[in-house]
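Quick note on numbering: the sequence shown equals residues 1 to 181 in our numbering.
Step one of this worksheet: look at the structure below.
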Amino acid sequence: MNIVLIGYRCSGKTTVGKLLGRELKREFLDTDRLIEEKTGLSIHSYVSRNGWRDFRRVEREVVEEVASKDNVVIATGGGVVIDQENVRNLRKNGWVAWLDTGASVIRERMKKEQRWGNFRPALTGLDPFKEIDTILHERMPAYESASDYRVDTDGQNPEEMAQAIMRALSQRYKNSDEGGF
Numbered sequence: 001m002n003i004v005l006i007g008y009r010c011s012g013k014t015t016v017g018k019l020l021g022r023e024l025k026r027e028f029l030d031t032d033r034l035i036e037e038k039t040g041l042s043i044h045s046y047v048s049r050n051g052w053r054d055f056r057r058v059e060r061e062v063v064e065e066v067a068s069k070d071n072v073v074i075a076t077g078g079g080v081v082i083d084q085e086n087v088r089n090l091r092k093n094g095w096v097a098w099l100d101t102g103a104s105v106i107r108e109r110m111k112k113e114q115r116w117g118n119f120r121p122a123l124t125g126l127d128p129f130k131e132i133d134t135i136l137h138e139r140m141p142a143y144e145s146a147s148d149y150r151v152d153t154d155g156q157n158p159e160e161m162a163q164a165i166m167r168a169l170s171q172r173y174k175n176s177d178e179g180g181f
């Protein structure tokens, strides 16, 4: 069974995913990095050149590919849940944890990333900082329905989030006949 991390951009999916992969001795896959490898462009450049619709098509291909693997940790892009085919593929062989992060925390992390030269493309044509509240509100039901477990990330460091996910997984398997994770 795969461990799948969902949540808005800058919620900590990549950082927590790497920690989980290391701790559980599993391969870590980041769908955004795989898209960049496949297209030869950063997400920002690809979206600028080809638009969000084409990006979502490539994302669907990558998600289908990684979801077919077994016993890996997968960090997804923030919008993966808006495509129900992605959700179905990820849930087939995956336990999904939602890193639920507040808008103010996301803004701070995005500012920090910009200082490092990492720019996130706007999702709506608005300023990426101004659209956070709107997009979070729109995606909240999709994150909720796609997830098996919710991690409130506000005030937690990545190690604490990874530990919370491992405890939840351990509890899930303790209460089932499926064995360990």
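Note that beta-carbon positions come from the ideal geometry of N, C-alpha and C, so glycine has one too.
Quantities reported herein were computed from a predicted structural model and do not represent experimental measurements.
CA-to-CA distance, residue j to residue i, given in whole angstroms
i	j	result
Asn93	Tyr149	15 Å
Asn71	Lys112	32 Å
Ala168	Arg26	17 Å
Val58	Asp154	31 Å
Val62	Ala97	19 Å
Lys130	His137	13 Å
Thr39	Glu64	16 Å
Val87	Glu144	12 Å
Trp52	Leu90	21 Å
Ser42	Ile35	8 Å
Glu108	Ala146	26 Å
Closest Cα partner of residue i within the set the options
i	options	result
Gly79	Arg9, Ile165, Asn2 and Gln163	Arg9
Pro141	Ile3, Gly7, Met1 and Asn2	Gly7
Ile165	Asn89, Ala146 and Trp95	Trp95
Asn2	Ser68, Val151 and Trp98	Ser68
Gln84	Arg60, Val151, Arg172 and Asp152	Arg60
Beta-carbon gap between residue i and residue j smaller than 8 Å
i	j	result
Ser170	Ile106	no
Thr15	Pro158	yes
Val4	Thr76	yes
Arg195	Ile82	As shown, the chain starts at 1 and ends at 181. That puts residue 195 outside it, with no answer to give.
Ala162	Leu29	no
DSSP bridge partner residues for residue i (one or two, in chain order)
i	result
Gly94	Asn2
Ala75	Leu5 and Asp30
Integer Cβ distance of residue i from residue j, believed to fall under 8 Å
i	j	result
Lys13	Leu99	6 Å
Phe55	Val66	At roughly 16 Å, the Cβ-Cβ gap does not stay under 8 Å, so Phe55 and Val66 are not in contact.
Asp133	Ala103	5 Å
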